[in-house]
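Here the structure is laid out as C-alpha coordinates; the discussion comes afterwards.
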Amino acid sequence: PQRAGMFRPKMRYAHQGGMNPPVIVIHGNSLEHVTDAYKRFLEGRFRKEFDLVGTPMRIEFKTSTNPFASKDGK
(Lines of atoms letter the chains of each structure in order from A and count residues from 1; the text may use other names and numbers.)
(Lines give C-alpha, C1' and ligand atoms only; values in the text may rest on other atoms or scores of the structure.)
Protein backbone atom coordinates (compact mmCIF):
# COMPACT_ATOMS: atom_id res chain seq x y z
CA PRO A 1 0.00 0.00 0.00
CA GLN A 2 0.98 3.60 -0.52
CA ARG A 3 2.65 5.61 2.18
CA ALA A 4 0.32 7.99 4.02
CA GLY A 5 2.51 10.76 5.41
CA MET A 6 5.36 9.26 7.42
CA PHE A 7 3.67 5.90 7.88
CA ARG A 8 3.58 2.95 5.51
CA PRO A 9 0.99 0.32 6.38
CA LYS A 10 2.50 -3.16 6.69
CA MET A 11 0.10 -6.06 6.28
CA ARG A 12 1.31 -9.25 7.96
CA TYR A 13 -1.41 -11.85 7.42
CA ALA A 14 -5.14 -12.27 6.83
CA HIS A 15 -7.72 -14.84 7.88
CA GLN A 16 -11.44 -15.44 7.77
CA GLY A 17 -13.12 -13.77 10.70
CA GLY A 18 -16.71 -14.86 10.23
CA MET A 19 -19.51 -15.79 7.87
CA ASN A 20 -22.81 -14.20 6.85
CA PRO A 21 -21.47 -11.82 5.66
CA PRO A 22 -17.93 -13.08 5.03
CA VAL A 23 -15.41 -11.17 7.15
CA ILE A 24 -11.71 -10.97 6.29
CA VAL A 25 -9.44 -9.83 9.12
CA ILE A 26 -6.06 -8.35 8.13
CA HIS A 27 -3.37 -7.95 10.79
CA GLY A 28 -0.38 -5.62 10.59
CA ASN A 29 1.14 -2.29 11.62
CA SER A 30 -0.12 1.25 10.87
CA LEU A 31 -3.25 -0.10 9.18
CA GLU A 32 -5.25 2.99 10.12
CA HIS A 33 -3.34 4.71 7.29
CA VAL A 34 -4.66 2.36 4.56
CA THR A 35 -6.46 4.48 1.96
CA ASP A 36 -10.06 3.90 0.88
CA ALA A 37 -8.87 3.22 -2.66
CA TYR A 38 -6.60 0.42 -1.43
CA LYS A 39 -9.45 -1.03 0.68
CA ARG A 40 -11.63 -1.16 -2.46
CA PHE A 41 -8.76 -2.80 -4.36
CA LEU A 42 -8.41 -5.49 -1.66
CA GLU A 43 -12.16 -6.09 -1.58
CA GLY A 44 -12.23 -6.54 -5.37
CA ARG A 45 -9.25 -8.89 -5.27
CA PHE A 46 -10.79 -11.03 -2.51
CA ARG A 47 -14.12 -11.13 -4.37
CA LYS A 48 -12.38 -12.33 -7.54
CA GLU A 49 -10.12 -14.91 -5.87
CA PHE A 50 -12.80 -16.43 -3.61
CA ASP A 51 -15.69 -16.10 -6.11
CA LEU A 52 -17.77 -13.83 -3.86
CA VAL A 53 -19.28 -11.67 -6.61
CA GLY A 54 -22.57 -10.17 -5.43
CA THR A 55 -22.01 -11.21 -1.81
CA PRO A 56 -21.73 -8.52 0.87
CA MET A 57 -18.28 -8.64 2.43
CA ARG A 58 -16.53 -6.87 5.29
CA ILE A 59 -12.79 -6.29 5.72
CA GLU A 60 -11.47 -5.52 9.20
CA PHE A 61 -8.00 -4.20 9.97
CA LYS A 62 -6.35 -5.09 13.29
CA THR A 63 -3.26 -3.08 14.18
CA SER A 64 -0.86 -4.78 16.54
CA THR A 65 0.35 -2.90 19.59
CA ASN A 66 3.94 -2.28 20.53
CA PRO A 67 4.72 -4.44 23.59
CA PHE A 68 7.58 -2.12 24.57
CA ALA A 69 5.63 1.17 24.42
CA SER A 70 4.77 1.23 28.15
CA LYS A 71 8.20 0.20 29.45
CA ASP A 72 10.64 2.79 30.75
CA GLY A 73 13.75 3.33 28.66
CA LYS A 74 17.28 3.44 29.97
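Yeah, the sequence shown ends on 989 if you go by my numbering, and it's all consecutive. Glycine is no exception: its CB is placed at the ideal position from the N, C-alpha and C atoms.
When the distance is taken between beta carbons, is residue j closer than 9 Å to residue i?
{"i": "P937", "j": "F956", "result": "no"}
{"i": "V949", "j": "P982", "result": "no"}
Using a 10 Å radius around the Cβ and a threshold of 16 neighbouring Cβ atoms, would you call residue i buried or exposed?
{"i": "S985", "result": "exposed"}
{"i": "F976", "result": "buried"}
{"i": "S979", "result": "exposed"}
What residue range does the alpha helix (DSSP H) around residue i cover?
{"i": "F983", "result": "Per DSSP, F983 belongs to no alpha helix (DSSP H) and is neither H nor E."}
{"i": "G959", "result": "951 to 964"}
With DSSP as the reference, label residue i as helix, strand or coil.
{"i": "F922", "result": "strand"}
Can you name the start and end residues of the beta strand (DSSP E) that residue i belongs to?
{"i": "N944", "result": "938 to 944"}
{"i": "T978", "result": "973 to 978"}
Keeping to the same chain, check which residues put their C-beta closer than 8 Å to that of residue i; ignore five residues upstream and five downstream.
{"i": "V968", "result": "R962"}
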